[in-house]
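Chemist:
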Amino acid sequence: MAELLWDGHCFACRAPLDIIIMCDNNKTFDFIDEQVDMKIFDNNDMKYKFFGQRARKVCKACFDNYYEMKKYKNIRNIEYAKFPPLKDSMSQEEVKAWFDVLKKSWVSYNK
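For the sequence shown, position 6 (counting from the first letter as 1) is numbered 150 according to the working numbering, and the numbering increases by one without interruption.
#1: So, using beta-carbon positions, are K193 and L161 closer together than 8 Å?
#2: Please state the DSSP three-state secondary structure of A199.
#3: Less than 8 Å between C-beta atoms, sequence neighbours within five positions excluded: which residues of the same chain meet that for W242?
#4: With a CB to CB cut of under 7 Å and the five nearest residues on each side skipped, what residues in its chain are close to M166?
#5: Helix, strand or coil for F155? Go by DSSP, reduced to three states.
#6: Give me the residue from H153, L246, M213 with the minimum Cα distance to V180.
#7: Provide the residue span of the alpha helix (DSSP H) that contains L148, from first to last.
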């Protein structure tokens, strides 16, 4: 079966970054290519953001949320509680649970 890998964690929310699935053979690759939409990991893509004078790795969701909240940071919007809907990346537990479901479907697919 395939293996799940990622490149570090988000500095802000500790979500895994740049999630990839490594396949050991072509049959597994074909199954994942047919069944999995990798767009679910788009908010887990790695970006760099400055915190003080240091650049840190953050997920795309935290990067976008920071600049979106910056636009709404005036008194009127705070008083009326007008905030934009914030994006959310998949946490490590959610990614592992998703991968466990993928493994179970791989077992049932091979029967």
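Note that the Cβ used here is the ideal one computed from N, Cα and C, for glycine as well.
Modeler: Well, looking at it:
#1: Within the sequence shown, residue 193 is the residue found at index 49, counting from 1. Within the sequence shown, residue 161 is the residue found at index 17, counting from 1. Going by C-beta atoms, K193 is not nearer than 8 Å to L161.
#2: Within the sequence shown, residue 199 is the residue found at index 55, counting from 1. Note: A199 maps to strand in three-state DSSP.
#3: Translated into positions along the sequence shown, residue 242 becomes position 98. Closer than 8 Å at Cβ, skipping near neighbours: I184, M234.
#4: Within the sequence shown, numbered from 1, the residue matching residue 166 stands at position 22. Closer than 7 Å at Cβ, skipping near neighbours: A146, E147, L149.
#5: Start at 1 with the first residue of the sequence shown, and residue 155 comes out as number 11. Three-state DSSP puts F155 in coil, outside helix and strand.
#6: Counting from 1 along the sequence shown, the entry for residue 180 is found at position 36. Among H153, L246, M213, the Cα nearest to that of V180 belongs to L246.
#7: Residue numbering aside, residue 148 sits at position 4 when the sequence shown is read from its first letter. From DSSP, L148 is part of no alpha helix (DSSP H) but of the beta strand (DSSP E) over 147 to 149.
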